[in-house]
Every structure is written in C-alpha cells, then in structure tokens.
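Mapping to full-length UniProt numbering: the sequence shown position 39 is 39, numbers consecutive.
Don't be surprised by glycine CBs; every beta carbon is placed ideally from N, CA and C.
Everything numeric in this text was worked out from a predicted model, so none of it was measured.
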Amino acid sequence: MTSPSSPASPEHGFDAAAYCSTRQAAALLGVSHRTVQLWVESGLLSAWKTAGGHRRIALASIERHVERRQQAMRDRAAPVRHKALLVDDDGAMLALYEAATSGLGLPQDVVLAANGFEALLRIGETRPQLLIGDLGMPGVDGPRLIRTLRASDGYRDMAIVVITGQDPAAVRSLGVPDDVPVLPKPVTPAALRAAVERVLNREPCTER
C-alpha cells in the first residue's frame with residue numbers, strides 16, 4: 001500500500017517543474033536535509049521515490065508548508081485581545097466610558113455593568129482582565145467590589161482603574177489599594193488611556 005507521504009510514482013507523464021530533490025527542498029525551506037526527510041515521512045511534505053530510490057518533493061506541498069509557517073508567525077504576532085468591564089450606575093457616564101475606551105486603539109472587547117452586583121455577575125461570566133468603574137454605586141459599592149476582587153485567588157491580579165468625583169485621599173481612606181489609579185471626573189480620554197496602559201503593563205501607580 002502506498003503511504004500518504006509517498007504517492008504513486010508519476011514518472012509516466014512526469015512534470016519535472018512540479019517537483020524538486022530533497023536537497024533542493026531543504027534549501028528552499030531553510031532546514032537540513034534530514035529534516036526534509038522527517039517531514040516527508042511524517043506526511044508534512046508530499047513526495048514520491050523514483051525507480052532509482054531518489055525522493056522527489058512536490059513544490060505545491062512546500063508552498064503549503066511555507067504558508068502554514070507564515071500564518072503561524074502572523075498569529076503569534078497578532079495582539080492579544082482582552083476584556084474590559086466598565087461599571088457605573090449613571091448610564092450617560094457609562095456610555096462616555098464606552099466611547100472613550102473604544103477609541104483607545106487597544107485590542108479589547110467591552111462589557112458593561114450598571115452596578116457593583118451586576119459587575120460581579122459579569123466578572124463571573126466573562127472573566128475580564130480590566131475593570132474601569134465608579135466607586136459610589138448601589139448594591140455592592142466600588143471599594144467593596146475592589147476588596148472582594150483583591151481577596152479572590154482568581155481575580156486579585158485584575159487591572160483596575162477608578163473614576164470618581166471624590167477626593168483621592170478620601171478614596172484611599174476607603175481601602176482602595178495604592179496600585180489602583182484614581183482618576184477625577186470628568187476624565188479625559190488621554191488620562192484614561194494612560195491609566196489603562198499603566199495597569200495592563202503592571203507599571204507603578206503615580207496618582208495620590
């Protein structure tokens with residue numbers, strides 16, 4: 001029986017331009033002669049043997065292999081997307097945050113919540129990497145939400161940005177950790193982007 005990597009010999013009506021030797025394939029692929037042999041034996045490259053026992057590698061299979069490698073490199077280079085949860089009980093402010101974060105040019109998907117309790121539900125459903133929210137909310141308020149996340153094994157490292165109308169010193173007195181940026185309302189898109197990039201990159205917080 002003929003193996004998938006060694007199709008029936010096409011020597012009758014053989015098109016030499018469609019095939020190359022093992023050494024030529026190695027040069028085209030930038031690998032060793034032995035690597036080409038292993039790829040043929042594993043089925044990664046399509047080849048057949050001449051009556052004299054010499055392998056002939058199909059150029060089409062080399063092109064497919066090169067394209068697969070290039071696609072894998074493109075996939076690795078693609079930016080990693082993350083989820084951002086935006087929390088505020090003021091619908092207008094929530095829409096403002098959504099518009100601002102959508103314009104940051106970051107690879108992210110936005111999830112919305114109207115209060116702290118809904119935020120906890122959305123966190124469990126979507127497992128976001130970033131939380132942007134107000135502090136004064138009905139149900140589970142902002143400081144309590146942050147303390148809950150920091151006490152959780154699964155979410156203690158979540159990136160968090162606080163946007164509030166309260167005095168920063170008062171915010172810290174509520175138990176908001178020093179590594180959480182506290183931005184005043186109304187926040188500018190530039191300030192929000194800087195804070196988001198800082199927490200995602202785990203850079204020290206400079207707000208006081």
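Whether residue 166 touches residue 131 by CB criterion (8 Å): Taking the sequence shown and counting its residues from 1, one reaches residue 166 at position 166. Taking the sequence shown and counting its residues from 1, one reaches residue 131 at position 131. No. Outside cutoff.
Take the Cβ of residue 152 as the centre, count every other Cβ of all protein chains shown within 10 Å, and call the residue buried at 16 or more, exposed below. If you number the sequence shown from 1, residue 152 lands on position 152. Exposed, by the Cβ-count rule.
Looking at the secondary structure, which residues open and close the beta strand (DSSP E) in which residue 184 lies? The residue given as residue 184 occupies position 184 in the sequence shown. 182-184 is the span of the beta strand (DSSP E), which, as asked, contains residue 184.
Endpoints, the beta strand (DSSP E) within which residue 133 is located: Within the sequence shown, residue 133 is the residue found at index 133, counting from 1. 130-133 is the span of the beta strand (DSSP E), which, as asked, contains residue 133.
Can the beta-carbon of residue 162 be found less than 8 Å from the beta-carbon of residue 182? One-based indexing of the sequence shown puts residue 162 at position 162. One-based indexing of the sequence shown puts residue 182 at position 182. Cβ atoms of residue 162 and residue 182: closer than 8 Å.
Specify, as a first and last residue, the run of the beta strand (DSSP E) that residue 97 falls within. On the sequence shown, position 97 is the one that residue 97 refers to. Here residue 97 belongs to no beta strand (DSSP E); instead the alpha helix (DSSP H) covers 91-102.
Taking the alpha-carbon positions, what's the residue 113 to residue 74 distance? For the purposes of this step, residue 113 is identified with residue 113 of the sequence shown, where counting begins at 1. For the purposes of this step, residue 74 is identified with residue 74 of the sequence shown, where counting begins at 1. Going from the Cα of residue 113 to the Cα of residue 74 covers about 34 Å.
Can you tell me which of the three DSSP states residue 51 falls into? Along the sequence shown, read from residue 1 onward, the residue named residue 51 stands at position 51. Of the three classes helix, strand and coil, the one that applies to residue 51 here is coil, per DSSP.
Using C-beta distances below 6 Å, list every residue in its chain close to residue 139, excluding the 5 sequence neighbours before and after it, in chain order. Within the sequence shown, residue 139 is the residue found at index 139, counting from 1. Counting only Cβ-Cβ distances below 6 Å, and skipping sequence neighbours, we find 115, 116, 117.
Relative to the C-alpha of residue 123, which residue among 179, 154, 190 is closest? Residue 123 sits at position 123 when you count from the first residue of the sequence shown. For residue 123, the nearest C-alpha among the options comes from 154.
Count the other C-beta atoms from every protein chain shown that fall within 10 angstroms of the C-beta of residue 70, then say buried if there are 16 or more, exposed otherwise. In the sequence shown, residue 70 corresponds to position 70, counting from 1. Flag for residue 70 reads exposed.
Determine the closest residue to residue 194 out of 176, 169, 160, 67, with distance taken between C-alpha atoms. The residue given as residue 194 occupies position 194 in the sequence shown. Looking at the Cα atoms, 160 is the closest of the given residues.
Exposed or buried, residue 133, counting other C-beta atoms within 10 Å across all chains shown (16 or more means buried)? Working through the sequence shown from its first residue, we reach residue 133 at position 133. Looking at its Cβ environment, which holds 16 or more other Cβ atoms inside 10 Å, residue 133 is buried.
Assign residue 128 to buried or exposed, taking buried as 16 or more other Cβ atoms, counted over all protein chains shown, within 10 Å of its Cβ. If you number the sequence shown from 1, residue 128 lands on position 128. Its Cβ being crowded by 16 or more others within 10 Å, residue 128 is buried.
With respect to the alpha helix (DSSP H) encompassing residue 21, which residues constitute its N-terminal and C-terminal limits? Locating residue 21 in the sequence shown gives position 21, where the first residue counts as 1. It is not in any alpha helix (DSSP H) - residue 21 instead sits in the beta strand (DSSP E) that spans 19-21.
Determine which residues share a DSSP beta bridge with residue 161 and list them. Indexing the sequence shown from 1 puts residue 161 at position 161. In DSSP, residue 161 forms a bridge with 132.
What does the alpha-carbon distance come out to for the pair residue 33 and residue 22? Counting from 1 along the sequence shown, the entry for residue 33 is found at position 33. Counting from 1 along the sequence shown, the entry for residue 22 is found at position 22. So the two alpha carbons sit approximately 6 Å from each other.
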